[in-house]
Amino acid sequence: MSLHIAVGVLRRGRQVLISQRREGKPGAGQWEFPGGKCEPGESIQAALRRELVEELGIHLKHCQRLIRLRHRYPDREVLLDTWLVDAWSADPTGLEGQAVRWVDVCELSAAGLLEADRPIIKALEMPALYAVTPPDVSMAGLKARCSQLDFEAMVRLRLPSLSDAAYRALVLDLWRVDGPHLVVDRPHVNWDADLPAGALSWHAPARQVRAEARPERPVWARWCIASCHEADDCDAAMTWGADALVIGNLRATPTHPDRPGIGWQYFRQLADARGQPCYAIGGLAPSDLTVARWAGATGVAGIRGFWS
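All the letters of the sequence shown, read from the start, carry residue numbers 1392 to 1699 under this note's numbering.
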């Protein structure tokens, strides 16, 4: 038995709304994101609108897809079709007698969420924009761009021409609490000596996660991110334990002129219901985020489109 569940994550700034399961329901006392199952013949957005009215007394004004994931219970499987709700009318109230509260995203892991809802936390924590340094970026240009970005973005420092010492010094120079989250590609460098735990993440290429001897997750990495081009890459990354997949290239790019773009339809096939944040990459810019989310992406990654 499989149920299609519409889930709405109401977000205001860094806070999201959660509601408590009532007595007599499975998981009573635990917390969850509002939502409920689709009725026969009902679209996912219609179900979301109806559930938000019935549970919270609010009318949906704007939402965008956040993540799709599957969760197996002993007697059934549920597909959680999760939407980020960023505009609504009225104040949310627990109309069915359930307690509701606003929680900072960084506190969700300790909020007592249902096991099925816990993968949604990662999709909320990870920034929607993922900039990758172009091969011809200057140090001045890199520092200027990082100073413009805030915590809602990530930057992958792909700078093969730098020595390990120069690379490490640059990371320490760029890192700041309110700046973009930095992603490195040198797991062998000692990063935890001068930075707090979780300050950096690691991006692994597809060839590494598909290798017979896969690399271990670094203890200092907040997230481990894997590049994926085909279904086998995605499967290998999931087996390895990647926290997010970067899937592409979506369109033909100067970086890979011999590799045709996979297009949004195939991207969705690869990303659909894997239960981890998925980023689309390949000829994309921040302006592509809306259409990417409709195709099942948590965010967009890019090279030149993020630096012009």
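Ideal Cβ placement from N, Cα and C applies to all residues, glycine included.
Note that the coordinates shown come from a computational prediction; the quantities given were computed from them, not determined experimentally.
- Non-local C-beta neighbours of Ala-1438 in its own chain, meaning closer than 6 Å and more than five positions away in sequence, comprise Ala-1397 and Cys-1429, ordered along the chain.
- The way I'd put it, the segment 1648-1658 doesn't touch the segment 1484-1502; fewer than three beta-carbon pairs between them come closer than 8 Å.
- Comparing alpha carbon positions, the residue from Gly-1399, Pro-1578 and Glu-1621 closest to Ile-1512 is Gly-1399.
- Take the alpha-carbon of Leu-1540 and the one of Val-1575: they are about 17 Å apart.
- The beta carbon of Val-1600 sits closer than 6 Å to the beta carbons of Ala-1617, Ala-1627, Ala-1628 and Trp-1631 from its chain, once the five residues preceding and following it are set aside; these are given in chain order.
- For the pair Thr-1689 and Phe-1697, the Cα-to-Cα distance works out to about 17 Å.
- Looking at the DSSP output, Cys-1497 sits in no beta bridge, so it has no partner there.
- Per DSSP, Ala-1664 lies in no beta strand (DSSP E) segment and is marked neither H nor E.
- Distance from the CA atom of Arg-1613 to the CA atom of Leu-1586, rounded to whole angstroms, is 12 Å.
- Put simply, the backbone Cα of Ala-1490 is about 14 Å away from that of Gly-1418.
- Secondary structure at Trp-1593: strand, using DSSP grouped into helix, strand and coil.
- An exposed status is given to Gln-1660, since fewer than 16 other beta-carbon atoms sit within 10 Å of its beta-carbon.
- Per DSSP, reduced to three states, the secondary structure at Gly-1654 is helical.
- Under a 10 Å Cβ-count criterion, Leu-1460 is classified as buried, with 16 or more other Cβ atoms of the shown protein chains found around its own Cβ.
- The three-state secondary structure of Ser-1538, taken from DSSP, is helix.
- For the pair Ala-1635 and Ile-1672, the Cα-to-Cα distance works out to about 13 Å.
- For the 9 Å CB-CB criterion, Trp-1474 and Gln-1436 form a contact.
- Using a 10 angstroms sphere on the CB of His-1450, the tally of other CB atoms stays under 16, which defines it as exposed.
- As computed with DSSP, Val-1398 is found in a beta bridge with Gly-1426 and Thr-1473.
- If you check the CB distance, Gly-1404 and Arg-1412 do not come in under 9 Å.
- With contacts defined as CB atoms closer than 9 Å, Val-1546 and Tyr-1521 qualify as a contacting pair.
- A Cβ-Cβ separation of about 5 Å places Arg-1608 in contact with Cys-1615 under the 8 Å criterion.
- Approximately 5 Å separates the beta-carbon atoms of His-1395 and Leu-1470; this is inside 8 Å, confirming the contact.
- Spanning the alpha carbons of Trp-1582 and Gly-1488 requires a straight line of approximately 48 Å.
- Straight across, the Cα-Cα distance linking Leu-1443 with Leu-1505 is about 19 Å.
- With fewer than 16 other Cβ atoms from the protein chains shown falling within 10 Å of its own Cβ, Gly-1415 counts as exposed.
- In the displayed model, Ile-1616 falls within a strand according to three-state DSSP.
- Rounded to the nearest whole angstrom, the CA to CA distance from Tyr-1558 to Arg-1577 is 9 Å.
- Contact annotation: Ala-1643 and Gly-1674 have beta-carbon atoms nearer than 9 Å.
- Within the model, the alpha-carbon separation for Ser-1678 versus Cys-1619 is close to 22 Å.
- Relative to the Cα of Ala-1535, the nearest Cα in the group Trp-1566, Trp-1611, His-1594 and Ala-1633 belongs to Trp-1566.
- For Ala-1522, the enclosing beta strand (DSSP E) stretches over residues 1520-1523.
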